[in-house]
Amino acid sequence: STRDLEAVVKLCKSAIEKGLDEEGVVQAKQLAASSSMEHAEQLTKRIFGQTPPDPRWQKYRTEALRKLKQAIEFQPELVAAHLMMARLNLMENGDIEAARAAVELAVQHAGEDRTQLSQALFFRASLSEDKEAQLADINQALKINPQNLEALKFRAVYFLSNKEVEKGIEDIKQWLSGDD
């Protein structure tokens with residue numbers, strides 16, 4: 117339950133404050149970060165996991181963002197948390213600058229995780245106002261992960277809006293063949 121997850125975080129903080137050894141601190145931070153992340157995921161399911169979203173979605177978003185910040189305090193390199201923060205901040209009345217900052221951190225920390233890096237590049241492209249940078253990020257996202265259907269759809273729209281119809285149609289065909 118969410119109460120249990122909060123209790124785990126409190127216990128981890130307390131253990132760290134009381135003086136764990138170096139290995140214990142690492143483990144406590146990982147446990148606290150994953151508990152905070154799990155709590156945030158439960159909240160975001162109430163927003164993104166149902167249609168229409170729960171009427172209290174703004175309250176859930178605020179709490180999820182708080183839990184994600186907490187997770188990042190324990191593990192700054194937690195790419196999934198940065199991506200979720202970006203997604204939440206891209207919603208109505210969100211903070212676009214916070215979304216951009218979260219995406220940049222996700223790109224920085226993704227490392228060798230091709231799926232997360234591809235997703236981070238997709239988000240960065242969708243936030244960019246520079247057409248060349250958008251295309252470069254989307255192409256890189258698809259090079260890293262050709263199965264990123266969101267990026268493929270984005271590139272199709274990009275091509276169509278820039279009057280490159282054949283390229284757009286080709287991406288649409290590829291997207292339709294990959295979408296269950």
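For what it's worth, this note's numbering labels the leading residue of the sequence shown as 117, then goes sequentially. No residue lacks a Cβ here, since even glycine has one placed at the ideal position from N, Cα and C.
**Q.** Start and end residues, alpha helix (DSSP H) containing leucine 184
**A.** Here residue 184 is taken as the residue at index 68 of the sequence shown, counted from 1. It spans 173 to 190 - the alpha helix (DSSP H) in which leucine 184 sits, taken as one unbroken run.
Q: Could you pull the start and end residues of the alpha helix (DSSP H) that glutamate 133 belongs to?
A: Position 17 of the sequence shown, counted from the first residue, corresponds to residue 133. Run containing glutamate 133: 118 to 134, per the alpha helix (DSSP H) assignment.
(Q) Could you check whether glutamine 232 and valine 195 sit closer than 8 Å to each other, using their CB atoms as the reference points? (A) Numbered from 1 along the sequence shown, position 79 holds the residue referred to as residue 195. Numbered from 1 along the sequence shown, position 116 holds the residue referred to as residue 232. Yes, Cβ-Cβ distance for valine 195 and glutamine 232 is below 8 Å.
Q) Helix, strand or coil: which one does DSSP assign to threonine 167? A) Mapped onto the sequence shown, residue 167 falls at position 51. Three-state result, threonine 167: coil.
Q. Looking only at its own chain, which residues have a Cβ that is under 7 Å from the Cβ of aspartate 211, when we skip the five neighbours before and after it?
A. Taking the sequence shown and counting its residues from 1, the one referred to as residue 211 is at position 95. Sequence-distant Cβ neighbours of aspartate 211 in its own chain, meaning closer than 7 Å and more than five residues away, are Asn205.
Q. Less than 8 Å separating the beta-carbons of glutamine 191 and alanine 149?
A. Position 75 of the sequence shown holds residue 191. Position 33 of the sequence shown holds residue 149. Taking 8 Å as the Cβ cut-off, glutamine 191 and alanine 149 qualify as a contacting pair.
Q: Please confirm if the region 153 to 165 is in contact with the region 175 to 187, defined as three or more CB-CB distances below 8 Å between the two stretches.
A: yes
Q. Within this structure, are the beta carbons of glutamine 235 and alanine 241 separated by less than 8 Å?
A. Along the sequence shown, read from residue 1 onward, the residue named residue 235 stands at position 119. Along the sequence shown, read from residue 1 onward, the residue named residue 241 stands at position 125. Going by C-beta atoms, glutamine 235 is not nearer than 8 Å to alanine 241.
Q. Asparagine 255 to alanine 131, Cα distance in whole Å?
A. Along the sequence shown, read from residue 1 onward, the residue named residue 255 stands at position 139. Along the sequence shown, read from residue 1 onward, the residue named residue 131 stands at position 15. Spanning the two alpha carbons is a distance of roughly 45 Å.
Q: Tell me whether leucine 292 is buried or exposed, calling it buried when 16 or more other Cβ atoms sit within 10 Å of its Cβ.
A: By one-based count along the sequence shown, residue 292 stands at place 176. Classification for leucine 292: exposed.
Q: Can you say whether aspartate 287 is buried or exposed, counting buried as having 16 or more other CB atoms within 10 angstroms of its CB?
A: In the sequence shown, counting from the first residue as 1, residue 287 sits at position 171. With 16 or more other Cβ atoms within 10 Å, it is buried.
Q) When the distance is taken between beta carbons, is asparagine 264 closer than 8 Å to phenylalanine 238? A) In the sequence shown, residue 238 corresponds to position 122, counting from 1. In the sequence shown, residue 264 corresponds to position 148, counting from 1. Cβ distance < 8 Å, so phenylalanine 238 and asparagine 264 count as in contact.
Q | Three-state class that DSSP yields for asparagine 261 in the structure shown | A | As a working note, residue 261 is residue 145 in the sequence shown. When DSSP states are grouped into helix, strand and coil, asparagine 261 belongs to the coil group.
Q.
If you reduce the DSSP assignment to three classes, tell me which class leucine 276 lands in.
A. Here residue 276 is taken as the residue at index 160 of the sequence shown, counted from 1. Three-state DSSP puts leucine 276 in a helix.
Q: For asparagine 261, I'd like the list of residues in its chain whose CB is within less than 7 Å of its CB, leaving aside the five on either flank, ordered along the chain.
A: By one-based count along the sequence shown, residue 261 stands at place 145. Same-chain partners within the cutoff: Arg230, Thr231 and Ser234.
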